[in-house]
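Asks: At position 50 of the sequence shown the residue is numbered 50 (this note's numbering), and the sequence of numbers has no breaks.
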Amino acid sequence: MENDFLQEFINQATKENETKIAQEKRKKHFQELGRKGGLKTKENKKLDKVISIRMTNSEYELLIRKQEKYPLKLSTYIRNVLFEKELKINEFKTDETLLQFGTHFKKITNLLRNREWTVFENKKEILVKIENVVDLIHQYLYSKIQKNE
Numbered sequence: 001m002e003n004d005f006l007q008e009f010i011n012q013a014t015k016e017n018e019t020k021i022a023q024e025k026r027k028k029h030f031q032e033l034g035r036k037g038g039l040k041t042k043e044n045k046k047l048d049k050v051i052s053i054r055m056t057n058s059e060y061e062l063l064i065r066k067q068e069k070y071p072l073k074l075s076t077y078i079r080n081v082l083f084e085k086e087l088k089i090n091e092f093k094t095d096e097t098l099l100q101f102g103t104h105f106k107k108i109t110n111l112l113r114n115r116e117w118t119v120f121e122n123k124k125e126i127l128v129k130i131e132n133v134v135d136l137i138h139q140y141l142y143s144k145i146q147k148n149e
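Structure, rendered in structure tokens:
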């Protein structure tokens, strides 16, 4: 009877130990995959090197004034200037305005398609021209994206 109890206790302990080990392996597996079992993060874009420099107050104030023109953090601005990417910062403003124009043109077409705007005789011609402009905007932006890739 004691042997049965002892044998049963040992079997139960080994099963519990095996389940714990399996859970730990599963946990480690998902930790390797990434957070919450997702894909691994790309490590090449990680900014992990720190460089500190000294400058005078006037140099710092000049740098801050130049950086305030752009919606960027100071470190991002310095990195872009250092690697001569400052021109790309200005391109985003034109892209944003083009996207805003595109959305406004789409809103205008939606308004013209409404039944209340039957006053215009050349409504179809206006809709076609607006759609052509929106297509040109999209083609320009997509061509820029493809050039950057």
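Glycine included, every Cβ here is placed at the ideal spot set by N, Cα and C. Because the structure is a prediction, the values reported are computed rather than measured.
Secondary structure at LEU99, three-state DSSP: helix, strand or coil?
Replies: helix
Asks: Could you give the distance in angstroms between the alpha-carbon of TYR142 and the alpha-carbon of LYS124?
Replies: 27 Å
Asks: Around the Cβ of TYR140, are there at least 16 other Cβ atoms within 10 angstroms (buried) or fewer (exposed)?
Replies: exposed
Asks: Taking the alpha helix (DSSP H) that LYS66 falls in, what are its first and last residues?
Replies: LYS66 -> alpha helix (DSSP H) spans 57 to 67.
Asks: Can you find the residues in the same chain that come closer than 7 Å, C-beta to C-beta, to GLN133, ignoring five residues on each side of it along the sequence?
Replies: Strictly speaking, residue 133 in this sequence is Val, with Gln absent from that position. Cβ neighbours of VAL133 beyond the five flanking positions: PHE105.
Asks: Taking just the CA atoms, how far does LYS27 sit from LEU82?
Replies: 42 Å
Asks: Whole angstroms is fine: what's the gap from ILE137's alpha carbon to ASN80's?
Replies: 27 Å
Asks: Given a threshold of 16 other Cβ atoms within 10 Å of its Cβ, counted over all protein chains shown, does TYR60 qualify as buried or as exposed?
Replies: exposed
Asks: Under a three-way DSSP split, which group does LYS49 fall into?
Replies: coil
Asks: Hey, ILE108 and ILE130: beta-carbon distance below 9 Å or not?
Replies: yes
Asks: Which two residues bound the contiguous alpha helix (DSSP H) that contains ASN70?
Replies: What sits at residue 70 in the sequence shown is Tyr, not Asn. Element bounds for TYR70: n/a, residue is neither H nor E.
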